[in-house]
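*Asks:* Below are the structure tokens for one structure; questions will follow.
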Amino acid sequence: MILEYTKQEQLLKKYNLKTVLSFFIKNKKDALQAANKIGYPVVFKIFSQNCLHRTDIGGVITKIDNAKKAKEAFDKLNSIKGIDGIIVQKQIDGLEFIVGAKQDSVFGPVVMFGAGGVLVELFNDVSFRLAPFNRRVALSMIDELRSKKLLDGFRGGPNIKKEAVADLLVNTSLLASKENFKEIDFNPVIANEKDLFICDVKIIQ
Amino acid sequence: MNQIFNPKSVAIIGATDRKNSVGLCLVNNLDNKKRDIFFVNPTYTTLFGRKVYAKIQDIEESVDLAVIAIPRQFVEAVVNDCIVKKVKGVLIISSGFSEYDDSGRELQERIALKLKESGIYLIGPNCLGIANPSVNLNASFAPSTPKKGDIALISQSGGFIDSVINSYGFSLIVSVGNAAGITLEEYIAFADQDKETKVIALYIEGVKDGRKFFNVLKSIKKPVVAIKAGKIPQLQKAISSHTGSLAGEYRVFSSALRQARVSEAESMEEMFDIAKALAWQGRCKNKIGVVTNGGGAGVLMADYLYDSEFELPKINAIDNVRYKTNNPLDIMGDATTLDYIKACESVISQRDISALIIIQTPQMTTTSLDNAKAIVEISKKYSKSIITVFMGNVPESIKYLEEHNIPNYTDPKRVIKPLKSLLKK
């Protein structure tokens, strides 16, 4: 089961893992207020401790750029059964990464890294390291990817600061080596020239 | 563990003259006059004109190592005898233990505990044995005795050892078997301390405690090359997240090796290709020079190096030569040994070259053995890494090079993985 939303937040904070500006809300008024506070465009997505794949059930609505669309989006998501609440978050663009962790039956906590959204799964282009590890090891994880050129402004894409990505990996490895969990998914992590943000969190216990 | 790997005296329990038996093979492999060997077998009184003891306690002299090759139902009683005799170590060749069934597992655990409590080392059970060529010990039933060398081979398969034992020189060979006593990690740490060993080669199917394995690999000083067998993912349990589905067991294993700076080989040939480079040559930077007398081989080499992101710095002008200075440096088909010397010395002394690959295709005027001797002389003068690609039917030259610690590969492609493993990380 996925950890409660607030507990996930606390854990991320403890390990300096920065998420995109988000609010966890339960009613329409709060949803609109959150969207206003963040500034359009925003993303709405359901949160349920039991739901691992929310896109499969239409639980994510992106590119909401006005209050009318926000209301519609809220109504649509709110009608899905069994949800704990709705996450309103800033819509950001950039290069997508996946960062994850699991308990390997032989080696214990292991951190995974991949770049490039759905392509990660298509090409199985990921690297692993046993947690915890330092920045040098984290940089070697990036270097190991076949898609590593994506980080260097490939075809007009953003130039990503590798040190920032490495720090995220190091912090994830600390969390993975010190906390109880079964699997962790930060997918996507979105990076632009200036910064990078975890946009979706699943910590499964 | 030194006393086990260099015992003053060995008792063979299960010694026999029966043809095609493990016991006879052990006798042949062990009985080389380098140490006291005692035969133990209650069904004989003499073997090869020598006394056979019914029990190990009957031997008056002290026994360092007891090698046990008898059916499993008799092993426990014999182990009890070994404890009474106060041997230093017990090597159990016999199978039928944890690899076989539950009662075998219980028996193995009981034996291991007894020996541990008595402070006696246990190798195996269910193994081929061990060898330490530098002290002429071959306590195994391998088909032959290995040559002395600098590779410590630690293997979870006895058959793997059999298949390479003639092909290379070894400093140590260990068939770990079920590793009920001395563990895989302890053998690795022992090999790291062994004076003759320059590189550790591992054949691994699986490890019991991944972290322990990882930590020992990270902590040792000597280079390690490993081959992992059993890559097909086992039936995966219900997987809930992306990370779970992308992290096959082998992927994690391979990553752990990389993280511990172990070179992973994909084939047996590659394993020993890497091992000899690591054993014989120092670490280098990614600045590679290539000297060749064959255009085609040189271009192929350059292609492979380029594909693997190796850097080939510019070659400085060399005076009074008829060839163009490129990297690869093609010194032409009719290159003499003097041409080789001039080109190799010039390239290797360049500050921005850290490793030199020397290719030789056997052509009409090629003086292969002289070239090999010249290269060995150059290798003594410079502390940079040298790898050769002597191609074609020149066994004498290759032997000369390798006897002088220059690793040779007969195909330019085979240079790549060894050279990668030489790169400073």
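Protein sequence lines correspond, in order, to chains S and E.
Counted the way our numbering counts, the first sequence spans residues 1 to 205.
Counted the way our numbering counts, the second sequence spans residues 1001 to 1425.
Where a beta carbon is used, it is the ideal one built from N, C-alpha and C, also for glycine.
If you're wondering where the values come from, they're calculated on a predicted model, not measured in any experiment.
From Ile80 (chain S) to Pro188 (chain S), what distance separates their C-alpha atoms?
*Replies:* Computed Cα separation, rounded: 23 Å.
*Asks:* Anything in chain E within Cβ reach of Asn108 (chain S), meaning under 7 Å, just list it in chain order.
*Replies:* Note on residue identity: the sequence assigns Gly, not Asn, to residue 108 (chain S). Within chain E, the residues near Gly108 (chain S) are Gly1210 and Arg1211.
*Asks:* Whose C-beta lies closer than 6 Å to the C-beta of Ile212 (chain S) among residues of the same chain, with five residues either side of it excluded?
*Replies:* No answer is possible for residue 212 (chain S): the residues shown for chain S start at 1 and end at 205.
*Asks:* Please determine if the region 1190-1210 of chain E and the region 1141-1150 of chain E are in contact, where contact requires at least 3 C-beta pairs separated by less than 8 Å.
*Replies:* Taking 8 Å as the limit for Cβ pairs, the verdict is that the region 1141-1150 of chain E does touch the region 1190-1210 of chain E.
*Asks:* Taking just the CA atoms, how far does Phe197 (chain S) sit from Phe186 (chain S)?
*Replies:* For Phe186 (chain S) and Phe197 (chain S), the distance between alpha carbons rounds to 10 Å.
*Asks:* Residues of chain S with a CB under 9 Å from the CB of Ile1112 (chain E): which are they?
*Replies:* In the sequence under discussion, the amino acid at residue 1112 (chain E) is Ala, which differs from the Ile named in the question. None at all; the shortest Cβ gap to chain S is about 22 Å.
*Asks:* Indicate whether Gly114 (chain S) and Asp104 (chain S) have their beta-carbon atoms separated by less than 7 Å.
*Replies:* No, they are not a contact pair.
*Asks:* Should Leu1047 (chain E) and Phe1039 (chain E) be called a contact, given that it needs their Cβ atoms to be closer than 7 Å?
*Replies:* Yes, these two residues count as a Cβ contact at 7 Å.
*Asks:* Across which residues does DSSP place Val96 (chain S) in a beta bridge pair?
*Replies:* Contrary to the premise, residue 96 (chain S) reads as Glu rather than Val in this sequence. In DSSP, Glu96 (chain S) forms a bridge with S:Ile190.
*Asks:* Considering only their Cβ atoms, is the gap separating Arg1251 (chain E) from Phe128 (chain S) smaller than 7 Å?
*Replies:* Against a cut-off of 7 Å, the Cβ pair of Arg1251 (chain E) and Phe128 (chain S) comes out as a contact.
*Asks:* Using the C-alpha atoms, what's the distance from Ala1179 (chain E) back to Lys1033 (chain E)?
*Replies:* If you take the alpha carbons of Lys1033 (chain E) and Ala1179 (chain E), they lie about 29 Å apart.
*Asks:* By Cβ distance, which residues of its chain are closer than 7 Å to Ser177 (chain S), with the 5 residues on each side in sequence left out?
*Replies:* Closer than 7 Å at the Cβ level, and outside the excluded window around Ser177 (chain S), lie Pro109, Ala131 and Pro132.
*Asks:* Kindly indicate which residue of S:Gln89, S:Asn66, S:Gly85 and S:Pro158 has the alpha-carbon position closest to the one of Ala191 (chain S).
*Replies:* The candidate whose alpha carbon is nearest that of Ala191 (chain S) is S:Pro158.
*Asks:* Could you work out which residues of chain S lie near Phe1310 (chain E), taking near to mean beta carbons separated by less than 7 Å?
*Replies:* Within 7 Å Cβ-Cβ: nothing; Phe1310 (chain E) doesn't reach chain S, min ~15 Å.
*Asks:* Have a look at S:Ile92, S:Thr55 and S:Gly82 and flag the residue whose alpha-carbon is nearest the alpha-carbon of Ile64 (chain S).
*Replies:* Taking only the C-alpha atoms, the option nearest Ile64 (chain S) is S:Ile92.
*Asks:* Put Gln1363 (chain E) into one of helix, strand or coil per three-state DSSP.
*Replies:* In this structure, Gln1363 (chain E) counts as coil in the three-state DSSP scheme.
*Asks:* Determine, using beta carbons only, whether Arg1251 (chain E) comes closer than 7 Å to chain S.
*Replies:* So yes, Arg1251 (chain E) belongs to the interface.
*Asks:* At which residues does the alpha helix (DSSP H) containing Ile1378 (chain E) begin and terminate?
*Replies:* Run containing Ile1378 (chain E): Ser1368 to Lys1381, per the alpha helix (DSSP H) assignment.
*Asks:* For Asp1440 (chain E), does the three-state DSSP call read helix, strand or coil?
*Replies:* Summary: the structure shown does not reach residue 1440 (chain E), with chain E confined to residues 1001 through 1425, and so no result is reported for it.
*Asks:* Output yes if chain S places a C-beta closer than 7 Å to the C-beta of Gln1057 (chain E); else output no.
*Replies:* No, Gln1057 (chain E) lies away from the interface with chain S (no Cβ there is under 7 Å from its Cβ).
*Asks:* Measuring straight from C-alpha to C-alpha, what distance separates Phe1390 (chain E) and Leu1369 (chain E)?
*Replies:* One C-alpha to the other measures close to 10 Å.
*Asks:* Does the Cβ-Cβ distance between Phe1097 (chain E) and Asn1138 (chain E) come in under 7 Å?
*Replies:* No, these two residues do not count as a Cβ contact at 7 Å.
*Asks:* With a threshold of 7 Å between beta-carbons, can Asp195 (chain S) be considered close to chain E, or not?
*Replies:* No, no contact with chain E.
*Asks:* So which of S:Thr62, S:Lys18 and S:Lys14 has the shortest CA-CA distance to Val165 (chain S)?
*Replies:* Cα-wise, what sits closest to Val165 (chain S) is S:Lys18.
*Asks:* Using beta-carbon positions only, say whether Thr1292 (chain E) and Pro1328 (chain E) come within less than 7 Å of one another.
*Replies:* Result yes, Cβ atoms of Thr1292 (chain E) and Pro1328 (chain E) sit closer than 7 Å.
*Asks:* Please return the same chain residues whose Cβ sits closer than 7 Å to the Cβ of Leu1024 (chain E), not counting the five positions on each side in sequence.
*Replies:* Excluding residues within five positions, the ones whose Cβ falls inside 7 Å are Thr1016, Asp1017 and Arg1018.
*Asks:* DSSP puts Gln89 (chain S) in a beta bridge; with which residues?
*Replies:* Note: Gln89 (chain S) sits in a beta bridge opposite S:Ser22 and S:Val43.
*Asks:* Spell out a yes or no on whether the region 1064-1083 of chain E and the region 1003-1012 of chain E are touching, meaning 3 or more CB-CB pairs, one atom from each, closer than 8 Å.
*Replies:* Contact holds: three or more Cβ-Cβ distances are below 8 Å.
*Asks:* Using a beta-carbon distance cut-off of less than 7 Å, what residues from the region 1370-1392 of chain E approach chain S?
*Replies:* Under the 7 Å Cβ criterion, the region 1370-1392 of chain E contributes no residue.
*Asks:* Closer than 8 Å by C-beta to His1404 (chain E): which residues in its own chain qualify, once you throw out the five before and the five after it? Chain order, please.
*Replies:* Same-chain partners within the cutoff: Val1376 and Ser1379.
*Asks:* DSSP three-state label for Gly1244 (chain E), please.
*Replies:* Reliability fails at Gly1244 (chain E), whose pLDDT of 49 lies under 50, so the model's placement of it is uncertain and the value that follows must be treated cautiously. Gly1244 (chain E) falls in the helix class under three-state DSSP.
*Asks:* In angstroms with no decimal places, state the Cα-to-Cα distance between Arg1351 (chain E) and Ile1204 (chain E).
*Replies:* Each residue's Cα considered, the two are about 40 Å apart.
*Asks:* Buried or exposed: which applies to Glu1109 (chain E), given that a residue is buried once 16 or more other Cβ atoms fall within 10 Å of its Cβ?
*Replies:* With fewer than 16 Cβ atoms within 10 Å of its Cβ, Glu1109 (chain E) is classed as exposed.
*Asks:* According to DSSP, Lys1399 (chain E) sits in a beta bridge with which residue or residues?
*Replies:* Per DSSP, none; premise fails for Lys1399 (chain E).
*Asks:* DSSP on Asp1064 (chain E), reduced to helix/strand/coil?
*Replies:* In this structure, Asp1064 (chain E) counts as coil in the three-state DSSP scheme.
*Asks:* When you compare the CB positions of Ile1093 (chain E) and Ile1013 (chain E), do they come within less than 7 Å of one another, or not?
*Replies:* No, Cβ-Cβ distance for Ile1093 (chain E) and Ile1013 (chain E) is not below 7 Å.
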